[in-house]
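Here the structure comes first, spelled out in structure tokens, and everything after it is commentary.
Residue numbers (the numbering used here): 6 to 282.
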């Protein structure tokens, strides 16, 4: 059987691995397909495709993970087989990235007031030109030895409720779904098992998503069973992946430890082809 990991982040957003490194690991893990699903950006997709020396053996699925909000709850929406070069789509992402940049600036200013002397230039160097996120700020704090680990930076300073935390701009979930559909993509609800309120899951599904991420590292067997039957009942596509950000365990990223059968990728592709007609 052939397998796919459809939820992977690169250093184009908050991952630690470059797109080419992600592709290298995908070959090492003998995956048939991977989804490049960076937060609110598609800038890693072309580099991943260009780094793929054997496209007949490894398929790069162009995707995105949009951060959205519904009734005050954070909802992540995956989009697969999007037209990632669409000018309208790119302009919308540009506005979102500007908001992300402004958020990072404000967080750095708050950290400075707390006696943590990192600056925007240092964070930008760490981000290597990608969209700046909290992990880049955390890494700057580790490098300057203000904290011992990135986890410590989040726990003490930049996590939700921390003294330097700044709320992010979010799309409404409905707008996020429509954005993905507008460019021929398939909207899939990401890691719904992390949404505590099951009524909220149903509400999202009623907004017109086409799939559910059933398989995820933080989904226990009960939630997998629940999501599986919900997908069957509603005739929704089923996806899955590791949500890999490049953090290594035993010298390897978790990529490929949660997979789906490649036939489900073909189902996604067929649905996207129909959506584009």
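Ideal Cβ positions, reconstructed from N, Cα and C, are used throughout, including at glycine.
Just the C-alpha distance for residue i and residue j, rounded to the nearest angstrom, thanks.
| i | j | result |
| --- | --- | --- |
| residue 67 | residue 128 | 27 Å |
| residue 125 | residue 28 | 30 Å |
| residue 267 | residue 184 | 26 Å |
| residue 8 | residue 115 | 44 Å |
| residue 113 | residue 104 | 14 Å |
| residue 10 | residue 61 | 16 Å |
| residue 158 | residue 15 | 20 Å |
| residue 166 | residue 172 | 10 Å |
| residue 274 | residue 223 | 26 Å |
| residue 24 | residue 258 | 13 Å |
| residue 272 | residue 133 | 35 Å |
| residue 232 | residue 181 | 21 Å |
For the beta strand (DSSP E) containing residue i, name the first residue and the last one.
| i | result |
| --- | --- |
| residue 168 | Careful: residue 168 lies outside any beta strand (DSSP E) and carries neither H nor E. |
| residue 260 | Premise fails: residue 260 is in no beta strand (DSSP E) and is neither H nor E. |
| residue 41 | 38 to 41 |
| residue 251 | That residue, residue 251, is in no beta strand (DSSP E); it is neither H nor E in DSSP. |
| residue 10 | 8 to 13 |
| residue 244 | 242 to 245 |
Determine the contact status of residue i and residue j, defining contact as a CB-CB distance below 8 Å.
| i | j | result |
| --- | --- | --- |
| residue 221 | residue 202 | no |
| residue 144 | residue 163 | no |
| residue 241 | residue 216 | yes |
| residue 261 | residue 228 | no |
| residue 244 | residue 193 | yes |
| residue 85 | residue 277 | yes |
| residue 98 | residue 46 | yes |
| residue 246 | residue 49 | no |
| residue 147 | residue 154 | yes |
| residue 109 | residue 142 | yes |
| residue 205 | residue 76 | yes |
| residue 219 | residue 64 | no |
| residue 42 | residue 13 | yes |
| residue 123 | residue 149 | yes |
| residue 121 | residue 170 | no |
Could you pull the start and end residues of the alpha helix (DSSP H) that residue i belongs to?
| i | result |
| --- | --- |
| residue 31 | 24 to 33 |
| residue 272 | 267 to 281 |
Quick check: is any heavy atom of the ligand MG less than 7 Å from the C-beta of residue i?
| i | result |
| --- | --- |
| residue 72 | Absence of the ligand MG from the depicted structure is noted, as is the absence of any ligand whatsoever, leaving it without description. |
Original post:
What alpha helix (DSSP H) runs, 4 residues minimum, are completely inside the region 174 to 235?
Top reply: 178 to 187 and 203 to 210, all fully within the region 174 to 235.
Original post:
Are at least three pairs of beta-carbons, each pair with one atom in the region 70 to 83 and one in the region 50 to 59, less than 8 Å apart?
Top reply: No: the two stretches stay apart, fewer than three of their Cβ pairs being nearer than 8 Å.
Original post:
Is the region 94 to 103 in contact with the region 184 to 196, if contact means three or more CB pairs nearer than 8 Å?
Top reply: Under the Cβ criterion (8 Å, minimum of three pairs), the region 94 to 103 counts as touching the region 184 to 196.
Original post:
Taking three-plus beta-carbon pairs below 8 Å as touching, is the region 190 to 210 in contact with the region 76 to 91?
Top reply: Yes, they touch.
Subject >> Secondary structure, alpha helix (DSSP H): runs of 4+ residues fully inside the region 45 to 71 >> reply: Counting whole runs of 4 or more residues, the region 45 to 71 contains the alpha helix (DSSP H) stretches 50 to 56.
Original post:
Which ranges would you report for the alpha helix (DSSP H) in the region 85 to 167 if only whole runs of at least 4 residues count?
Top reply: DSSP runs (the alpha helix (DSSP H)) wholly in the region 85 to 167: 92 to 118, 125 to 132, 139 to 148 and 155 to 158.
Original post:
Is there contact here, the region 18 to 33 with the region 251 to 266, by at least three beta-carbon pairs under 8 Å?
Top reply: Judged by Cβ distances under 8 Å, the region 18 to 33 makes contact with the region 251 to 266, as three or more pairs qualify.
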